[in-house]
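Each remark here refers to the structure printed beneath this line.
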Amino acid sequence: MTLASPTPAASGPAVEATALRKTFGQIHAVDGIDLSLPAGRIYGLLGPNGSGKTTLIRLLTGLASATSGTVKVLGVDMPSRENLARIGYMTQADGIYPELSVWENIRFFAALYGQTDRAAMLRVLELVDLDKRLDTPALNLSGGMRRRLSMACALVHQPAVIFLDEPTVGVDPALRVQFWEHFHRLSAGGATLLVSSHVMDEADRCDELLFIRNGHVLAHGTPAELRERGGSDNLETAFLAFAAPAATATVAEEAAR
Amino acid sequence: MNVHRVRAVFVRIVAQFRRDKRTLALLFAAPLAIIALLGWVLSSSSSSSVRLAVVNEASQQVVGQAAAVKIEDALAGQPSIVLDRSVTDDAAARQALKDKTLDMVIVVPPDFSLQSRRLDILTLGLNPAGEASSLPAVQKALLSELADQAGAVLPTIDRTTVYGSPDATQLDTLAPVVVGFFVYFFVFILTGISFLRERIGGTLERLLATPVSRAEIVLGYSLGFGFFATLQIALVLAFVIGRVTVPAIGPMPEIGIGLGVKTIGNPLIAYLLVLVLGLGAVSLGIFLSTFARSEFQILQFIPIVIVPQGLLGGFFWPINQLPDLLQPVARILPVTYAIDGLRQVMIAGADLTSGDVLLDLGVLAAIAAVFVVLASATIRREVA
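The listed protein sequences correspond, in order, to chains A and B. Number 257 marks the last residue of the first sequence (the numbering used here); no jumps. Number 384 marks the last residue of the second sequence (the numbering used here); no jumps.
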């Protein structure tokens with residue numbers, strides 16, 4: 001698969017966020033996050049359930065409006081409808097139409113993204129190994145196949161920046177390996193990927209990691225750097241090392257009130 | 001506004017329907033079945049005869065006795081009346097009414113006299129209005145017969161109406177209205193559920209992550225559902241207006257398909273009215289799907305949205321016969337304007353030069369526009 005070479009604003013970062021905040025009532029889902037992610041790499045967004053990963057991705061794609069702060073993707077202020085044509089977003093839910101066939105699903109999302117090239121649609125289906133099932137209704141696909149179709153729908157327009165929210169949940173190990181191989185091909189082609197996960201064993205496949213907890217970025221670096229700074233060969237232990245002081249601080253803050 | 005994206009939404013909705021055979025069947029077969037049933041009920045009710053008995057409680061006096069005999073003779077010859085001479089006393093009459101072997105009993109009271117010519121009518125009372133529906137026929141039969149014997153000439157009364165004919169059956173006036181009501185109901189329910197599925201199935205989130213705009217989504221939906229509404233309206237109108245008689249073949253008796261309701265209006269204008277009503281229902285469905293968390297909760301909107309419009313929209317009673325407080329309510333309901341417009345067109349033969357029809361169309365378009373704006377506003381509502 002040939003990727004259209006992404007056209008980020010010259011050499012600026014692919015994804016940029018400044019003092020990003022999102023509150024739901026009393027809950028600070030994203031609590032002051034600053035990001036500057038250069039293009040062409042795979043970023044892993046790691047954190048426990050409810051740490052703010054999905055909210056952060058929704059803010060970065062412009063699907064949620066920030067309480068305060070700014071987001072730029074490929075140099076364009078978000079939310080921007082036009083800019084979404086250069087962004088791919090695979091949601092946690094499959095987000096495909098069960099009554100429609102594989103081909104009807106891909107054709108629909110392609111049309112919304114302005115992708116009219118049938119060959120490109122077929123290529124992306126080939127890539128997720130669904131090109132032999134064009135006429136199968138999504139309803140009749142297995143869970144893993146639906147996941148793959150969902151991914152194909154997010155990639156059909158050859159986006160330069162791709163957000164994948166827990167793409168490997170419910171995916172068997174063999175397919176998971178395929179997914180990651182594909183992510184690396186995409187990033188080698190110049191795309192920027194932000195992959196959220198709560199599975200630490202996927203972390204080593206990323207170029208850089210962001211540890212997220214309680215709406216904060218606890219740490220940001222390559223897996224090797226984070227191991228070293230966290231003082232552990234195990235990323236999970238390293239994560240806890242970063243998390244511990246923050247947790248203690250929170251308890252202290254609450255005690256002070 | 002991007003034509004390709006609107007077209008994509010339209011094509012997708014048509015494809016989804018095509019694969020959902022049961023919903024398609026519901027969309028087209030259900031209204032026909034219900035209208036056919038309605039037509040059957042309303043047309044045959046006039047041909048049934050009333051079963052009647054005369055109970056004479058004045059048999060002790062000459063005048064009463066004579067009157068009872070005259071009444072029985074007068075009724076016996078009537079085509080739509082079946083006289084039961086075996087029932088002669090009050091107890092037997094009441095039992096016969098309870099057993100449903102009699103519909104009505106005429107009682108000649110004990111004090112019947114030449115001065116007080118009062119008769120009593122006894123019916124069961126479970127459905128007083130329906131039971132009394134044959135009363136005018138009985139009265140007419142009695143009057144003409146008794147007048148003949150007295151040598152008097154009764155005045156005759158002929159009814160005429162500005163539009164249509166006074167002989168128009170209930171079916172003729174109800175059929176146009178039913179067309180509009182069906183489309184409103186089906187389009188509302190189907191859009192509401194379709195859009196709810198987008199919201200809870202995560203596809204709306206995916207749509208909003210593409211460059212498609214809210215207006216393009218609402219327009220695509222309107223075109224998709226408008227397309228099916230068009231087919232439904234065409235089929236239902238053809239069924240209501242047309243009548244094809246299939247000649248008897250072998251053992252099959254001759255059957256008529258379609259109601260053949262008399263109309264002098266332009267079906268295209270009727271279609272236009274129903275289509276604008278339906279487009280309002282698309283946006284209303286999208287709008288209200290925001291307030292539902294499941295398909296079941298969409299169905300809960302039926303008593304709130306559909307039933308009041310059926311009761312107040314002029315379906316059964318003219319708006320100006322409603323209680324004063326309810327009249328303004330009826331005047332904000334879209335179905336009210338569709339029903340008025342459809343009657344103007346199909347019964348009075350009004351066309352687009354008629355101020356009434358233009359007003360109805362205008363109000364329907366305005367209501368649709370309001371809900372398009374409301375529906376668009378709810379689409380960006382944050383899902384998470």
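Quick reminder that beta carbons are idealized off the backbone N, C-alpha and C, glycines included.
In the displayed model, VAL187 (chain B) falls within a helix according to three-state DSSP. Counting only runs that start and end inside the segment 236–321 of chain B, the beta strand (DSSP E) elements of at least 3 residues fall at 244–246 and 255–257. For GLY52 (chain A), the closest Cβ of chain B is not nearer than 7 angstroms. At a cut-off of 7 angstroms between beta carbons, ALA160 (chain A) makes no contact with chain B. For LEU359 (chain B), no chain A residue has a C-beta closer than 9 angstroms to its own C-beta; the minimum C-beta separation is roughly 38 angstroms.
Residue-level contact by beta carbon fails for ARG331 (chain B) and chain A, as no gap is shorter than 7 angstroms. Nearest CB-CB separation between LEU299 (chain B) and chain A: not below the 7 angstroms threshold. Here HIS4 (chain B) is exposed, its C-beta having fewer than 16 other C-beta atoms within 10 Å.
The three-state reading of DSSP puts LYS132 (chain A) in coil, since its state is none of H, G, I, E or B. Where SER36 (chain A) is concerned, the enclosing beta strand (DSSP E) starts and stops at 27–37.
Close partners of VAL212 (chain B) in chain A (Cβ separation under 7 angstroms): LEU112.
Between ALA25 (chain B) and chain A, the shortest Cβ-Cβ separation is not below 7 angstroms.
Counting only Cβ-Cβ distances below 8 angstroms, THR191 (chain B) has no contacts in chain A at all, with the closest Cβ about 16 angstroms away. Here the alpha carbons of SER150 (chain A) and HIS157 (chain A) stand approximately 13 angstroms from one another. The criterion of a C-beta distance shorter than 7 angstroms is not satisfied by SER49 (chain B) and VAL87 (chain B). In terms of Cβ geometry, GLY341 (chain B) and LEU273 (chain B) form a close pair [threshold 7 angstroms]. The continuous alpha helix (DSSP H) containing ARG206 (chain B) extends over residues 203–208. The beta-bridge partner set that DSSP reports for GLY44 (chain A) consists of A:VAL195 and A:LEU209. DSSP places ARG51 (chain B) in the strand class (E or B) of the three-state scheme. For ALA85 (chain A), the nearest CB of chain B lies under 7 angstroms from its own CB, placing it at the interface with that chain. When C-beta distances to chain A are compared with 8 angstroms, the residues of the segment 199–211 of chain B below that value are GLY201, GLY202, THR203, GLU205, ARG206, LEU207, LEU208, ALA209, THR210 and PRO211, in chain order. The Cβ-Cβ distance between LEU142 (chain B) and ALA74 (chain B) falls below 7 angstroms.
Under the 7 angstroms criterion on CB atoms, ALA191 (chain A) is classed as non-interfacial with respect to chain B. Three or more Cβ pairs closer than 8 angstroms define a contact, and the segment 41–48 of chain A falls short of that threshold against the segment 73–89 of chain A. When DSSP assignments are scanned along the segment 81–117 of chain B, the uninterrupted stretches of beta strand (DSSP E) that are 3 or more residues long and fall wholly within it turn out to be 81–83 and 104–108.
Neighbours of ALA15 (chain B) in chain A, taken as residues whose beta carbon is under 7 angstroms from its own, are LEU100 and GLU104 in chain order. ARG81 (chain A) has a beta carbon lying within less than 7 angstroms of a beta carbon in chain B. With respect to the C-alpha of LEU279 (chain B), the residue from B:ASP20, B:ILE306, B:GLN344 and B:PHE225 having the closest C-alpha is B:PHE225.
Against chain A, the beta carbon of ARG5 (chain B) has neighbours under 7 angstroms at ALA111 and LEU112, listed in chain order.
ILE332 (chain B) sits in coil when the DSSP states are folded into three classes, being neither helix nor strand.
The segment 94–109 of chain A and the segment 9–19 of chain B touch, with no fewer than 3 CB-CB distances between them shorter than 8 angstroms. Take TYR271 (chain B), set aside five residues on each side of it, and the residues of its chain with a beta-carbon closer than 8 angstroms to its own are THR230, ILE233, ALA234 and LEU237, in chain order. With the rule of 3 Cβ pairs closer than 8 angstroms, the segment 95–104 of chain A counts as touching the segment 140–150 of chain A. ASP84 (chain B) and ARG118 (chain B) do not touch by the CB rule: their CB atoms are close to 22 angstroms apart, not below 8 angstroms.
Note on the segment 117–193 of chain A: whole beta strand (DSSP E) runs with a minimum of 3 residues are 161–165, in chain order. Contacts with chain B at 7 angstroms (Cβ-Cβ) do not include ALA119 (chain A).
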